[in-house]
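FYI, the numbering for the sequence shown is -3 to 475, going by the numbering used here. First the structure, in the form of structure tokens, and then the observations on it.
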Amino acid sequence: NPASLVQIMLHLGEMVTATQSVSDETLQLLGAELNYDVQVVSPEEEDRELLESFDIEFGEDEGDEADLVPRPPVVTVMGHVDHGKTKLLDTIRNTNVAAREAGGITQHIGAYQVTTEHEGETRKITFIDTPGHEAFTAMRARGAQATDIAVLVVAADDGVKPQTVEALNHAQAAEVPIVVAVNKIDKPDADPHKVRAQLTEYGLVAEEYGGSTLFVDISAKENIGIDDLLEAILLTADAELDLRANPNQAAQGLAIEAHLDKGRGPVATVLVQRGTLRVGDSIVCGEAYGRVRALLNDKGQQVQEAEPSCPVQVLGLTSVPSAGDNFIVVPDDRVARQIAQQRAARQRSAAMAKSSRRRTLEELFKDMEKGQPRELKLIIKGDVSGSVEALEDALLKIDVGEEVSLRVLHRAVGAITEYDVNLAIADENAVIIGFNVRPEVRARELAEREGVDIRYYSIIYQAIEDVENALRGMLKPEF
Ligand code: GDP
């Protein structure tokens, strides 16, 4: 009974009450003591089990080797702010002849596809249209990976910067091959060799220096070297990846963007990863479901189907999914609804458990005791850049000794967004500090669901005081 469990826990050195939720580690400890095999099921496993109960496997190509056909690589453009990510994405899109010939007007749907000649063959490449590692981080926070190759943009007149390093860390952690685009070579002070030399320190050694990373000198502004970049992407894909999928099966993939459109209802851009998505399919996407009413491509044209690596907007969902949610085509509407409802129900109960499991500022202390690195990670958002910088400066000056440190993962002006929350989740429970700002609705919902600690302040010293106390709490108690 609960009372005797509390006894045993006390014996194991943990103070708990009978009604308190306990961590996975505690449960395992308890299980070991009582000779039970405690299995902690992750949300991913739980979802896999749910899908399996409907005879669906997510992430698996069906059929034999022979059913697999090549699919285009999916590329994310990352790099330091102002190094030209947006410009590059625009230039690639605009100079793509096929796009113009098709007569459509380019629509920003979150991703687009271009066609290029490669070794006498017509090949496609899919670009995720959200520059930076926002999209990448959002996906990774949810255990999803949409990207096959990362293009790391580095301005040749500015060289390697903090976000360059951050971006390449993200890509390397996800084991995504990197192609380096050395941008702005049109500028008089451009020094592309320096960029190559700098990046060797991070394990990106250019081919011409005996390494295996392709570096391409480009100017996104002057449209120089773009074809070479596309070539390098395909060379890297062919050399390092085996990108194939079975188009002849029920489609599966990921939502990469979604919003509520006043006239059209929920609109989700999905990336088909395997199978072929068709109008009329019954689909479940995260907790949203529905029948595909229409598919729109990146030129705003209606299409009947979408093959692997193809991004399309899906109309017909009952609600708005989140970026990173998987989508699956299921046999009928009933199955779609059941999966969506079970996910929603599970999400509600998981949210309660999770919010007690994730660290709040106070609880960090306990985790630290367990020998986890004593580092407090922060994401700072503020109303004006002056206040963000002032707060960051002040926080970084807090000194409670060498044993604990403080790291600012991200700081920016503006409301707290889903990106901030996802970053907090991806980077292991960072705490978000909002200075005179509030979260966006979806960010707040996500934070509540995932139990991310968001703190609001309007007075700098109060923020400093809280953070200082948290850092002190992290200090190991002296015996
Ligand atoms: P992002 O923050 O990485 O998305 O950078 P942007 O694409 O917004 O580019 C930042 C600035 O650099 C803009 O003013 C661009 O016009 C400029 N820029 C981008 N690419 C080039 C380039 O190849 N040459 C030059 N001279 N300027 C560029």
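Where is the CB? At the ideal position from N, CA and C, for every residue including glycine.
query                                                                                                                                                          : result
In terms of DSSP beta bridges, what is P307 paired with?                                                                                                       : L267
At a cut-off of 6 Å, would you count H104 as near the ligand GDP, judging by its Cβ distance to the nearest heavy atom?                                        : no
Suppose contacts are defined by Cβ-Cβ distances below 7 Å. Is L230 in contact with R119 by that definition?                                                    : yes
Which partner residues of T112 appear in the DSSP bridge assignment?                                                                                           : R119
Starting from V384, follow the alpha helix (DSSP H) in both directions and report where the run begins and ends.                                               : 381 to 393
Does the distance between the C-beta of N322 and the nearest non-hydrogen atom of the ligand GDP fall short of 6 Å?                                            : no
Closer than 8 Å by C-beta to Q298: which residues in its own chain qualify, once you throw out the five before and the five after it? Chain order, please.     : A290, L291, L292
Starting from I455, trace the beta strand (DSSP E) both ways and give me its first and last residue.                                                           : No beta strand (DSSP E) holds I455; DSSP gives it neither H nor E.
State yes or no: is the C-beta of V77 nearer than 6 Å to some heavy atom of the ligand GDP?                                                                    : yes
Determine the DSSP secondary structure at Q477, reduced to helix, strand or coil.                                                                              : With the chain running from -3 to 475 in the structure shown, residue 477 is simply not present.
Any heavy atom of the ligand GDP closer than 6 Å to the beta-carbon of T82?                                                                                    : yes
Here's a check: name, in chain order, each residue in its chain whose Cβ is nearer than 6 Å to the Cβ of T272, leaving out the five neighbours to either side. : P243, A247, E301, E303
E283 and A340: beta carbons closer than 7 Å?                                                                                                                   : yes
When every heavy atom of the ligand GDP is checked, does at least one fall within less than 6 Å of the C-beta of S381?                                         : no
Output the boundary residues of the alpha helix (DSSP H) element that contains Q248.                                                                           : Per DSSP, Q248 belongs to no alpha helix (DSSP H); it is in the beta strand (DSSP E), 248 to 257.
What is the residue span of the beta strand (DSSP E) that E227 lies within?                                                                                    : Unbroken run through E227 is the alpha helix (DSSP H), 222 to 236; no beta strand (DSSP E).
Short check: CB of V288 to CB of V310, under 7 Å?                                                                                                              : yes
Taking the DSSP output, what are the residues bridged to K373?                                                                                                 : R403
Pick helix, strand or coil for T87, following the three-state DSSP scheme.                                                                                     : helix
Note the first and the last residue of the continuous beta strand (DSSP E) segment covering D43.                                                               : Where D43 is concerned, there is no enclosing beta strand (DSSP E), although the alpha helix (DSSP H) it sits in stretches over 39 to 48.
Using DSSP with H/G/I as helix, E/B as strand and the rest coil, what is D462?                                                                                 : helix
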